[in-house]
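Chemist: Following numbering that gives the first Met the number 0, the numbering of the sequence shown begins with 0 at its first residue and continues without gaps.
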Amino acid sequence: MKRFFTHCVMLLIMLIAASEKVASQQPPLYKFTSYTLDSGTANTTGAVYRFANVYSGIDAFIKVTGMSSGITLRDIDRTADGYLEAFQPEYRVSGNTNGYIDFKITFVNNGTNTIVSQPIVAATGLDIDGSTNGSSILTEYNRIDMGGGVHEYNSYNSQIIISQTGTAYTGANTTGILFGALVDTTAKEVMFTVTSNNVSSMTYRVGANNQTSGSSNRYASLYFQQFTYQHFPVAISSL
Numbered sequence: 000m001k002r003f004f005t006h007c008v009m010l011l012i013m014l015i016a017a018s019e020k021v022a023s024q025q026p027p028l029y030k031f032t033s034y035t036l037d038s039g040t041a042n043t044t045g046a047v048y049r050f051a052n053v054y055s056g057i058d059a060f061i062k063v064t065g066m067s068s069g070i071t072l073r074d075i076d077r078t079a080d081g082y083l084e085a086f087q088p089e090y091r092v093s094g095n096t097n098g099y100i101d102f103k104i105t106f107v108n109n110g111t112n113t114i115v116s117q118p119i120v121a122a123t124g125l126d127i128d129g130s131t132n133g134s135s136i137l138t139e140y141n142r143i144d145m146g147g148g149v150h151e152y153n154s155y156n157s158q159i160i161i162s163q164t165g166t167a168y169t170g171a172n173t174t175g176i177l178f179g180a181l182v183d184t185t186a187k188e189v190m191f192t193v194t195s196n197n198v199s200s201m202t203y204r205v206g207a208n209n210q211t212s213g214s215s216n217r218y219a220s221l222y223f224q225q226f227t228y229q230h231f232p233v234a235i236s237s238l
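(1) Buried or exposed for Pro118, going by 16 or more other Cβ atoms inside 10 Å?
(2) If Val53 and Val120 are in contact, beta carbons under 8 Å, what's the gap, nearest whole angstrom?
(3) Tell me, please, whether the segment 55 to 68 touches the segment 186 to 194 by the rule of three or more beta-carbon pairs shorter than 8 Å.
(4) Given a threshold of 16 other Cβ atoms within 10 Å of its Cβ, counted over all protein chains shown, does Thr78 qualify as buried or as exposed?
(5) Under 7 Å Cβ to Cβ from Ile176, same chain only, skipping five residues before and after it: list those, please.
(6) Restricting to Cα atoms, I'd like to know which of Arg204, Gly146, Gly124 is closest to Tyr152.
(7) Go through its chain and collect everything with a Cβ distance to Thr35's Cβ below 6 Å, but skip five positions before and after it.
(8) To which residues of the same chain is Gly146 closer than 6 Å at the C-beta, ignoring the five residues directly before and after it?
(9) DSSP three-state call for Glu188: helix, strand or coil?
(10) Do you know offhand how far Ile160's Cα is from Asp37's?
(11) According to DSSP, simplified to helix, strand and coil, what is Ala167?
(12) Do Gly56 and Asn108 have their C-beta atoms closer together than 8 Å?
(13) Return the chain-ordered list of same chain residues with a C-beta closer than 7 Å to the C-beta of Leu83, the five sequence neighbours on each side being excluded.
(14) Between the C-alpha atoms of Thr131 and Arg91, what's the straight-line distance to the nearest angstrom?
(15) Can you tell me whether DSSP reads His150 as helix, strand or coil?
(16) In terms of residue numbering, what span does the beta strand (DSSP E) encompassing Ala59 cover?
(17) In three-state DSSP terms, what is Arg73?
(18) Please determine, among Tyr155, Val149, Asn196, Ser220, the residue with the shortest C-alpha to C-alpha distance to Gly206.
(19) For Val182, which of helix, strand or coil comes out of DSSP?
(20) Quick one: complete beta strand (DSSP E) runs, 3+ long, within the segment 74 to 118?
(21) When you compare the CB positions of Lys103 and Thr202, do they come within less than 8 Å of one another, or not?
(22) Just to confirm my understanding: we take Pro88, look at its own chain, exclude 5 residues before and 5 after, and list those with CB closer than 8 Å. What are they?
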């Protein structure tokens, strides 16, 4: 028992140290506001977009790397609402379908194809909510993989659960409740953040488990900024 307790303490110290290392720097805000189709056919697998000047001297390539059956990409970056600086793909998912779209985001020097590592990146999945149709529900999910790092979410009161597979963090809605009509960074109950150091590329999955019979238009919002979240007081005091 004593050895088990010692191992738990050591693990906790390692996790806190990793969190403090990532949090010791302030991640910049990356702005995905202007893009051109670099290659491929728009809104299909294989399409590559260049988002110019996401940060000083930095562009970003976004490639559609995969798309499951029953889902289509309608717009690579919806700007009708939400946040202009966020990456906001719009998609349509068929009824009785669990569908997703995968993107690879790569940072390059401005106007070139030269990959460049970013000292620290914070990526936040916003508005991961759902909808209902009678007794059936649709629930959204986001997966962020930056090859490591730490995650944070509103553990005190959340409508999503976070799971980790390898270096990927998935935030999945559990309630199927439409959380407000618009994307809002104050809606901490339906968002989570992943922060990591030395990021040259990352992957981002958007999707929905649509258990209703009808198709649904949805859109995701990936905001490149850190946020603070509310946590259980017990967890804070134990740290």
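Glycine is no exception: its CB is placed at the ideal position from the N, C-alpha and C atoms.
Modeler: Let me spell this out:
(1) exposed
(2) Not quite, the Cβ-Cβ distance comes to about 11 Å (not below 8 Å), so this is no contact.
(3) no
(4) That one is exposed.
(5) Asp128, Gly129, Gln158
(6) Cα-wise, what sits closest to Tyr152 is Gly124.
(7) Arg49
(8) Taken in chain order, the residues that qualify are Thr166.
(9) helix
(10) 36 Å
(11) Residue state, collapsed to three classes: strand.
(12) By the CB criterion at 8 Å, Gly56 and Asn108 fall inside the cutoff.
(13) Counting only Cβ-Cβ distances below 7 Å, and skipping sequence neighbours, we find Thr32.
(14) 16 Å
(15) strand
(16) 57 to 66
(17) strand
(18) Ser220
(19) coil
(20) 89 to 92, 96 to 108
(21) yes
(22) Leu72, Asp74, Ile75, Asp76, Arg77, Ile100, Phe102, Val205, Tyr218, Ala219
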